[in-house]
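Count along the sequence shown starting at 1, add 42, and that's the number in my numbering. C-beta atoms are modelled at their ideal positions from N, C-alpha and C, and glycine is treated no differently. Quick caveat, the model's predicted, so the values are computed rather than measured.
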Amino acid sequence: MDDEEEAEGEEAAIRSVPLADLFLALGASFLFALFLVRPELQLARAAPADPLAALLDGAATVAGAEPLVILAGADGARLAQDTGAPTPLMALRPGAPLLDAIRAAVSDGRAALVAIEPGGEEAAFLLDPLLAATLGGPVRQLRLDRSCGFQRPAPRPGADCLAALGGG
43 MDDEEEAEGE EAAIRSVPLA DLFLALGASF LFALFLVRPE LQLARAAPAD
93 PLAALLDGAA TVAGAEPLVI LAGADGARLA QDTGAPTPLM ALRPGAPLLD
143 AIRAAVSDGR AALVAIEPGG EEAAFLLDPL LAATLGGPVR QLRLDRSCGF
193 QRPAPRPGAD CLAALGGG
C-alpha cells in the first residue's frame with residue numbers, strides 16, 4: 043500500500059508542474075503588461091546626470107511649461123541664466139528686483155523652480171514665502187546635491203490636506 047500511495051503522490055506532483063509553469067508564465071506576462079501600461083511603476087529610472095543642465099537646455103519641462111530656474115545658493119539667490127552676482131540673503135525681502143524679474147517671467151508663461159545648491163537651504167527657506175506671496179501659490183523645488191537629487195512637487199493647499207486627513 044505504501045508503494046502505491048508513494049507512486050500516486052509522485053504522479054500528482056508531476057501533473058501539477060505544467061500547471062505551475064502556466065501560472066508563472068501568466069504572472070510574468072501580467073507584470074510585463076502592467077509595466078508597459080503604467081510606466082511610472084518602473085523600478086529603476088535613469089536620472090539625468092545633471093538635472094540643472096537638462097532644465098536649462100530645454101530638455102525638461104516643469105508642469106508642462108518652460109522652467110524659470112532660480113538658484114538658491116549659500117550666498118543668496120539668482121536666476122540661473124543670469125551670470126551676475128546673486129541677490130544676498132539680507133536683500134531677499136518683498137520688493138527685491140529678483141522678485142520682479144521672477145514675476146515678469148512667470149506672467150510670460152514660465153514655471154518657477156527653485157534649484158537648491160548644496161548649502162543653499164537658507165536662501166530657499168527665505169525664498170519660499172516670498173515666491174508664494176509673489177506668485178500666488180507654492181513653487182516647486184529641486185535639490186542639486188547628490189543625496190537629494192529629486193524634484194519635490196508643489197505642496198497641496200491646507201484645505202486639501204485637512205480633507206485628506208478626514209478633517210474640515
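So, with DSSP's three-state summary, where would you put residue i?
| i | result |
| --- | --- |
| Val-148 | helix |
| Val-156 | strand |
| Ala-107 | strand |
| Ala-114 | strand |
| Ala-127 | coil |
| Leu-73 | helix |
| Ala-119 | strand |
| Leu-186 | coil |
| Val-181 | coil |
Is the distance from the Cβ of residue i to the Cβ of residue j below 8 Å?
| i | j | result |
| --- | --- | --- |
| Gly-179 | Ala-107 | no |
| Ala-157 | Leu-134 | no |
| Pro-214 | Gly-118 | Outside the modelled stretch of the chain, which goes from 43 to 210, sits residue 214, for which no answer is possible. |
Evaluate residue i with the Cβ neighbour count: other Cβ atoms within 10 Å of its Cβ, from every protein chain shown; 16 or more gives buried, anything less gives exposed.
| i | result |
| --- | --- |
| Leu-169 | buried |
| Val-79 | exposed |
| Pro-6 | A question about residue 6 goes unanswered here, because the residues of the chain that appear run from 43 up to 210. |
| Gly-161 | exposed |
| Ala-165 | buried |
| Leu-73 | exposed |
| Phe-65 | exposed |
| Leu-68 | exposed |
| Leu-61 | exposed |
Nearest to residue i by alpha carbon, out of the options?
| i | options | result |
| --- | --- | --- |
| Leu-177 | Leu-110, Thr-103, Phe-74, Pro-128 | Leu-110 |
| Leu-13 | Ala-105, Ala-154, Ala-75 | Any answer about residue 13 is impossible in this case: the structure gives the chain only from 43 up to 210. |
| Ala-175 | Leu-186, Arg-145, Asp-187 | Arg-145 |
| Asp-142 | Gly-126, Glu-163, Arg-182, Leu-173 | Leu-173 |
| Val-181 | Gly-161, Asp-124, Gln-123, Ala-105 | Ala-105 |
| Gln-123 | Leu-98, Thr-103, Leu-140, Met-132 | Leu-98 |
| Phe-167 | Met-132, Ala-147, Ala-62 | Met-132 |
Excluding five sequence neighbours on each side, which residues of the same chain lie with their C-beta closer than 8 Å to the C-beta of residue i?
| i | result |
| --- | --- |
| Ala-86 | Low per-residue confidence applies at Ala-86: pLDDT is 49, beneath 50, and the placement is therefore not dependable, though the value from the model is reported in the following sentence. Excluding sequence neighbours, Ala-86 sits near nothing in its chain. |
| Glu-159 | Leu-113, Ala-114, Gly-115, Ala-116, Leu-186, Asp-187 |
| Gly-126 | Arg-120 |
Below 7 Å CB to CB, which residues in the same chain sit around residue i once its five sequence neighbours on both sides are set aside?
| i | result |
| --- | --- |
| Ala-138 | Thr-129 |
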